[in-house]
Structure formats: structure tokens, C-alpha cells
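Below is one structure, written out as C-alpha cells; comments come after it.
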Amino acid sequence: MTEPVLSVRNLQVEFASRRGTLRAIDGVSFDIAKGEVLGVVGESGAGKSVTGLSVIGLIDPPGRIAGGEIRLSGLRIDNLPPEEMRRIRGKRIGMIFQDPLTSLNPLYRIGDQIVETIRTHLNLSEQAARRRAIELLAEVGIPAPEKRIDGYPHEFSGGMRQRVVIALAICAEPELIIADEPTTALDVSVQAQIISLIKRLGRDHGTAVMLVTHDMGVIAETSDRVAVMYAGRVAEIGPVQDVVKNPLHPYAKGLMGAIPTLAGDDKRLVQIPGSMPRLSAIPRGCSFNPRCAFAFDRCRVERPEPLPRGAQSVACHLYDSVPTESAA
Amino acid sequence: MLAFTLRRAIQAIGVMIAVGIISFSMFRFAGDPVNQMVSMDTSGAERAAIRKSLGLDDPVIVQFGHYVANAAQFKFGVSYQFRLPVSQLLLERMPATLELAICASIFAMVCGILMGVYSALRRDTWLAHAFQAISLIGVSLPTFLIGILLIYLFSVTLGWLPSFGRGEVVRIGWWTTGLLTLSGLKALIMPSITLGLFQMTLIMRLVRAEMLEVMRTDYIRFARARGLTTRAIHFGHALRNTLVPVITVAGLQFGSVIAFAIITETVFQWPGMGLLFVQAVQNVDIPIMAAYLMMVSLIFVTINLAVDILYTIVDPRLRSTVSRAH
Amino acid sequence: MSEAVVRHKVEDRGSRAASPGWFRRTLDSDLFYSFRRSKITMIAAGVTLLFFLLAIFASALAVQNPFDPAQLQLMNSRISPLWTADGQSPFLLGTDEQGRDVFSAILYGLRISLVVGVLGVLFSGALGILLGLTAGYFGGAVDGLIMRVADVQLSFPAILIALLINGIAKSVLGNRLDEMSMLGVLVLAIGLSFWVQYARTVRGSVMVEKNKDYVAAAQLIGLPAPVIMLRHVLPNTMGPILVIATINLALAIITEATLSFLGSGMPETMPSLGTLIRIGNNYLFAGEWWIVAFPGLALAALILSINLLGDWLRDALNPKLR
């Protein structure tokens, strides 16, 4: 098997606050292969965005990566000096943020912003960069790109602006694109177009995509694999069909709206009772245990580690029949 | 764009009319022009003749019309103190005030922006804290005290710089300039700093606040995610976006700088319009006061208008959508 | 929503519910807490209080009445401060040209500066609140006129307006302008220069309250709406007005000092700190720095403390001022 484009191992991210250190990400691991789309799903505050930001090295103080490693095609990038990390951002990792309305500098023509990014990373002349910018705009589906290149962001609609943002993210042919809720701020009618654009670009260029969203529908449509995050951990990860059709983790079941066969009472679990704990009050043991219908004593004491289960991997004691032994 | 400019222009004319009424009222009612022009033993008949010749018996509205018509041609009457046309007096002193105000503004802009950017980007350094302290003192110290302090330090104690006047000036047409001689330049230093200090602290605080605000925006985060260099982000993106409101404020402040020059010119005995105005107030020279008010108002209104137009040029969002205020 | 905003909202509601106890309650709670936490603010408050006490007890603390010619002796002129080689007791900060004790002169000058400043703030506050209420209550053309004047005036520096009013008063009153009426003119000039902010704040609050049901209800049972509104509007705007008043006190004192320095303020027979600085400035070149330095220092310290107090008050009360 070839080396994955992105490999995250046991990532830990901490935020120092007045009341002590809060652990936003606690032991997250996953891989993304070339051309693969990994969906990362979870409630807000589950640590999806923080995971994305730590990969691209944009965790701002008081936050910091406290442990684990992040490798980009084998190169360890979580501890690179700021200047080297900067060279990787935009060149080898592209990022798309949630709100295209605020992602672009309102005072610069979009062409200038694209050319600036291209010339930061690639050794191109002004004219060559401009030609490439027009190609990129055409590729992301902006009509009459040679004219629109001189437009200002406010002259574009939300969907068009998100296309510009995507063009900016891919302008140096990155190996990995991190898309953080790329469709949340858009009209429903535009969402599908943007999703299929991201998918197409990933396929055409063999780019690995990390798609962060809280929308299972988007994941099901786009992703090859999906990671379900809860309170700073990966609850379950696996091929998207498997996780959607047969979620293992009780939280994933709730998220899919699936009806568990184990329990007699069907309707109660369609909606997960309670809400995700705050970072300052994460319960002992499995962080999901207060909301879990299947929680037993061990869940309140011991933290579950990820267990492989077919193509899936799940962090839940329910699937660990022999407590002391690894179920490999 | 055109409608916007037009509306602003109409507003500006409204303000000028209001100022004209105040100025005219001062001229006409605050001091009796006849009393100021004649000696004690002028007879009643002569006074009446002068009244008539000045048009003071006409209906007030007609007089106001005359006043405005004259003012439009820069005819503001004759100074009581100097017995010279006010417009001539103002014109003689205008270069001194404008040179001072421009130098002060440049000083304020350059230092204010540099200090503001520094204290926004290096927030917790001792120098940034020092800048903050300076800005508080700059706001709290009255202008004239700063001037006196500078004079004591650099003129009385060290003897480096002249304490009053413009030094040697060169005459170019009707304009006189102190920028071409060494003594003129030396004479400019302290008054410019004194006058510019308050604006400098204002600009510094504004730049710092705006810059911190801009650094938190999504497009700066996205610029970082695109891997742009720190320099390009700070000085290309953040600073440019910061400068839009700063230009507005600094531009609007230029009128205030000219008005505040009254104090600086008094401290340094700078032969400008401000000093002329202060002397006019002391000696109740109403024509000069009225004319100065008109002049300064005109400058204010023109600058406001210019800044509005400039703003639309700097910020492309305003070019197409004119109805929005921001 | 941030914690501060929440707190502000809560305070708002509290003040509306129980207007009589508002001031006391605020003093008991957050305000006093944040006051105790800021050392600089406590020092500033101490210095401000000290200046007020010095001004009130000026005649008891001064070694002489510096403006009673009978008490001045020319042989005592130009004595340098006590700690210098030529210093003489009891002239702590030295004497001026006429043998006037600088320390005593500062005490008396401080008194004038503070009287003009406080009266100026009270006058501008009263004028601003009245015009704000009028504009907000009547709306329409009255509102348009008042606010237009406010807009125009705000774009002109206060010092220019004050100088103009001063000049007009001089020309109208002519020779009848004695010390006390000069003081009155200064208060008038400052009041007319600084009313705009109060008016805007009060007007905004009136506009909000005007459409509320209780005003209509009060009118139904025959209570005059303006009275009812006043009782609700004023407690709500108390915080912002207090902040504006504090910052304006510093501005008023600066304005008075500047006018006096320019020779259009208090005369030398009844000088304020600004007048003292103007007099002292003439002796700077003769090396008699103390005649100008100490009044200047007093003025700077006074303004700085009031400004610090105002900054803290603004942050603590968190009204929506810029």
C-alpha cells in the first residue's frame, strides 16, 4: 500500500485558559489516501474544525498541539518551524473556509488575490500567473473568467465566491484540501454544485480531501470514508456506506437516525438525549456515557480505545468482549 | 456615485449657508460697524451717511445677500485693528498656517501609523506598552503645555531650535515658504510636533484598534491558510484594510489641525491665520473673526467632501453601491 | 453573547425595575469591584479628590492670598523653589515677579479651573439633556433641526466655538466684562461647545422608550407622557451621561485653560491655571522655570487623573460609546 497523503496519529490539542488547560482534541488518528475524500462529521464543538486547523498549522495561541504527529506524504509537519509550515500552506495543503463572503479580502480584485497566491508558491511571471488564474477560474466553473478576474469579491454571488475560494485553495496543485464546512453558509440550491465541484477536483487531480461538516447528507454524497467525532475523539471511522448503513457506535447510530436492533424501544434513540459536554466538563471514561442508552459500568470508568471491526473502527466497549485483551 | 456626491455637495452648501448666517450676524449685530470706523467726535449726520453708504439701512435680507456675494469674492471688509482688507491679511498668513498644518499632519500620519501598526502586531512588548502610555499622555496634556515643554527643552536649555517665528522665508508669487531655508525648516520642527501630537495619538489608537480587528477577520485567516508570507499579510492585506477608515479620520482631522493651529501658533508666535484670529478675538476685531470662521468652515466642508469622494475610490464596495453608508 | 453584554443587559433591567436604588446598587456591585481591582484608577481617583480638596480649602492652605496686593512684597519676588539653593521658606514652589507664592497661586487657580470646569459640564449636560429630550420626544422637524445643528457643530473643534462665543461676548459686553462675568462667559462658551454628546445619547434613549407600551398606558390613565418617560429615560442614560460628563470635565478644564492661555479667558486679577501658565511662560527664558512648570504640572496631573477615571468608568459601565 502506498503511503497515505495525510496521516494523523494520536493528535492532542490543548487550549490554555484561566481555569486550566482544556483538551479540545484527545488522541485523534486517521489517514487519508491519494484521491480519497474523508468526511469528518460531528456536532459543533466536537473538534472537527480544530483538527482541520491543526493539520494546516493554524491553531492560534492559546491553543497548541500538545502531542501526537501529523505527516504529510511521510513528512512530519506538526513540529515544523513557522516559515517552513507557511510554505506548505497553500502549496501542499489548500484550505476552504465556511463563509465565502468573508474569506476574500474585499479591497482586492479576485485576480490579484489568486495571482498573489500563485506567485507566493510557484515561480511564475505575473502574466503566466494571470493566465493560470484564468484557467483556474474556468476550472471551478466561473463563466467568462477572463472578464471576471478583474472583479471585486462583492461583485460575486455567494456560490461564485466559494468557487473563487476553491480556486485559491487549489491554485498550487496541493496534495490535500481541507474543506471546513464549505457549504454551510450557502443557499441549498448552490450546495450541491459546490460539493460536486470539490469531488470532481479531488478526482481529477488525485487530491486527498478532508471534508469537515455537520451534514451527514453531504458526507454520504461525497465521501469515501467518514470519521464521526465526539468531544474531541473519533468515535467511529470507516467506509461511508458501512458507517451509514451499519453504524456501530451508539453515537453514530443516533447521528444516522438509525434504529438500533439491540434495544426494544425504537423511537427513543432517534434523537440523542442531552448535549455534548463542554470541554471543561468531559466525563470520566467514555465521554458519551451520560447520553448513551447502552452505557454500563466500564463506560463510566475506562476510556474506550478504537477497535477494528471489519473495515470500520469503533471506540466503544460494547464491541470489546474481552476487556483485557486487544481484539485484533 | 454621482447621486451620492451630489447629495454630499448639497449638504455642504447647507452648512456653508448656516455658517454664513452666523458670520453675518456677528458682523452685523455683535459689533456696530459704524462705531468701529469713526472717531469719537464724528457727528450724528456723518454717522448716518456712513451707515447709508455701508448699506446698513437696507433690509437685513438684502444686507445678507450683499455679505454673501462679497464673501464669495473673498471680500470680508476691513480689519478694525489693521485698517487693511481682511482678505489681504488672511491671504498673507495662509501659507504659514497651511505649511504648518501639512507638516503636522504628515508627522501625525507617519508616526501614528508606524506606532499603531507596531503596537498591534507586537502587542505585549514593552515598546507597545510605552506607545500606549504616550497616547494617554498625548490626549491628556493640553497642546500649549507640550509646546512650552518643547521650548524649554530645545530652545531654553539646549538652544538647538528657535522658539518663535518661521525663520527665513522664501517668497514664491504670493506664497511664502519656510521649506527652502535651513532656519525655516528648523523653525517648523517644534510647532509641527506640537500641533501633530494629538492627531498622532488619535491615529495610533485608531490604527491599533482597526488592525487588531482586521487581523481577526476571516480573510486574514484565509490569507494565512493560502500560505502568504507574514509580511504580505500584515502590510499587504491587514494594513491596507486598516487604512481605509484611518484615511477618513485623518482626512477629516486636517480641518481640526488647521483650527488647532490657533493654539500652536500662539505658543510659537507663528505668523499664521490662527494667531491673527486669536489677536482678533482679544481686540474684538469682528471682520477678521467672521472671515476666519468662513474660511475655516470652507476648508472643513471641502475636506469632508473630498474625503467622501476619496473613500469611494479606496473602497471598491462603495463604488457600485452608493446608498449604503459603509 | 459576551459576558459583559449580558451583564450590561441585566443591569439595564435592574435599573428599569428599581430606579431609586440604581446608583447605590451599582456602586455596591460590579462598579466598585472593578474599581478596587484597578490600582491606577484608585490612584487617579485619589489624585482627583486631592485636587478638589486643595481647591475647596485653598484659602486655608495658602500661605498668602496671592491676589491681594497688600500681601505681596516685591522683595520676595523671583525666589526659586524651596529645595533649590536660593529657596526661602515659606515659599515651597518659589515666587513670581511680584513676590506671589506659586503654591498659593496654584491653589487659587485650581479653584477657578475646577469651578469653570464643573459649571461648564453642568451647563452643557443640562442643555444637552434638555435638547436631547426635546428632539427625541417631538421628533420631526424639531428633531431634524437640533440634530443637524449637532452634526455641524460636532465637526468643528470645541476650542474654535468657545473662542468665537468668547469674542462675541466681548464685543457685546465691551467694558462691562469684569472677572465674574468673564467666568460666566467661559461657562457659557464651554456649555455651548460640549452639549452635543449628551443630546445624542438622551435622544437615542427617548426614541427607544417612546414607542413602548407603558408610555401609552400612562397616557391612558391621564399621566403626562413626558414625565413618565423622564423617569425611565434618565435612569437608563445615567451611566453613559456619567461617562460623558467625566471625560467632558477633563475637556472643559483643558478648554478653559487653553482659552485663558490664549488671553481670552480668566484675567490676571483672578487667574485660573491656564492664566498662570500664560504669565509664567513669559519668564521661561529668564530661567525662572518654576513659575510655569508647577501650574503646568498641576494642570497635567489633574487632567490625566480625570481622564483615567473617565476611561475606567467607560469600561466599567460599558455603555455603547464608540
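Note that the protein sequences, when read in sequence, are chains A, B and C. Under our numbering, the residues of the first sequence are numbered 300 to 627, in order. Under our numbering, the residues of the second sequence are numbered 510 to 835, in order. Under our numbering, the residues of the third sequence are numbered 133 to 454, in order. Where is the CB? At the ideal position from N, CA and C, for every residue including glycine. Being a predicted model, the structure only gives us computed values, none of them experimental.
- Residues of chain C with a Cβ closer than 9 Å to the Cβ of B:ILE559 do not exist, since the nearest Cβ in that chain sits about 19 Å away.
- Spatial neighbours of A:GLY457 in its own chain (CB-CB distance under 8 Å, excluding positions within 5 residues in sequence) are listed in chain order as PRO399, LEU400, ALA484, LEU485, ASP486, VAL489.
- By the criterion of a C-beta distance shorter than 6 Å, B:VAL776 is surrounded in its chain by PHE653, GLY656, once the five residues flanking it on both sides are discounted.
- Under DSSP, B:TRP684 forms a beta bridge with B:ILE681.
- Taking 8 Å as the CB threshold, B:THR726 lines the interface with chain A.
- Taking 8 Å as the cut-off between beta carbons, the residues of the region 789–812 of chain B near chain C are ALA789, VAL790, GLN791, VAL793, ILE795, MET798, LEU802, VAL805, SER806, PHE809, in sequence order.
- Contact annotation for C:ALA432 against chain B: SER649, LEU650, LEU654 [CB-CB distance below 7 Å, chain order].
- In the DSSP assignment, A:GLU383 falls within the alpha helix (DSSP H) that extends over 381–387.
- Going by beta carbons, C:ALA331 and C:GLY276 fall outside the 8 Å limit.
- Any Cβ of chain B closer than 8 Å to the Cβ of C:LYS171 would place that residue at the interface, and such an atom is absent.
- Interface flag for B:TYR820 against chain C is unset, since no Cβ pair is found closer than 8 Å.
- Below 8 Å, too few C-beta pairs join the region 298–316 of chain C and the region 226–234 of chain C to call them touching: fewer than three.
- The beta carbons of A:ILE324 and A:LEU310 sit about 5 Å from each other, so the pair counts as a contact at 8 Å.
- In this structure, the alpha-carbon of B:ARG537 lies about 19 Å from that of B:LEU593.
- Look at the region 282–305 of chain C: the residues with a C-beta under 8 Å from a C-beta of chain B are VAL284, SER287, PHE288, PRO289, ILE291, LEU292, LEU295, LEU296, ASN298, GLY299, ILE300, LYS302, SER303, VAL304.
- Listed by position along chain B, the residues whose Cβ is nearer than 7 Å to that of C:ASN413 are ILE657.
- Chain-ordered, the chain B residues with CB closer than 7 Å to the CB of A:MET394 read ALA734.
- If you draw a straight line from the Cα of A:ARG447 to the Cα of A:ILE441, it comes to about 8 Å.
- Contact between A:MET509 and A:ILE331 holds: CB atoms are separated by about 6 Å, below the 8 Å threshold.
- Taking each of C:ALA190, C:PRO201, C:LEU262 in turn and checking the Cα distance to C:SER337, the smallest one comes out for C:LEU262.
- B:ILE772 reaches chain C at ILE291, THR390, PHE393, LEU394, counting residues in chain order whose Cβ is nearer than 9 Å.
- For C:GLY249, the enclosing alpha helix (DSSP H) has its first and last residue at 234–270.
- Taking C-beta separations shorter than 7 Å and ignoring five residues to either side along the sequence, the partners of B:ARG517 in its chain run LEU814, ASP817, following chain order.
- Chain-ordered, the chain B residues with CB closer than 7 Å to the CB of C:GLY428 read LEU654, ILE657.
- From the beta-carbon of B:LEU737, the residues of chain A found nearer than 9 Å are ARG385, ARG388, GLY389, GLU415, THR416, THR419.
- Around the beta carbon of C:TRP422, 16 or more other beta carbons lie within 10 angstroms, which makes this residue buried.
- A:ILE477 places its beta carbon 8 Å or farther from that of A:LEU500.
- For A:LEU337, the enclosing beta strand (DSSP E) stretches over residues 336–340.
- Contact of A:THR401 with chain B by beta-carbon distance below 8 Å involves THR726, ASP727, TYR728.
- Contact between the region 627–642 of chain B and the region 392–405 of chain C is absent, with fewer than three C-beta pairs closer than 8 Å.
- C:SER313 is classed as exposed because its beta carbon has fewer than 16 other beta carbons within 10 Å across all chains shown.
- The region 284–298 of chain C makes no contact with the region 345–363 of chain C; the number of CB pairs closer than 8 Å stays below 3.
- About 4 Å separates the beta carbons of B:THR751 and B:GLU719, which is inside the 8 Å limit, making them a contact pair.
- For C:ASN380, none of the residues of chain B pass the 8 Å Cβ criterion, the least Cβ distance being about 13 Å.
- The residues PHE314, ALA315, SER316, in chain order, have a CB closer than 8 Å to that of A:PRO361 in the same chain once the five nearest residues on each side in sequence are set aside.
- Between A:THR506 and A:GLU480, the C-beta spacing is not below 8 Å.
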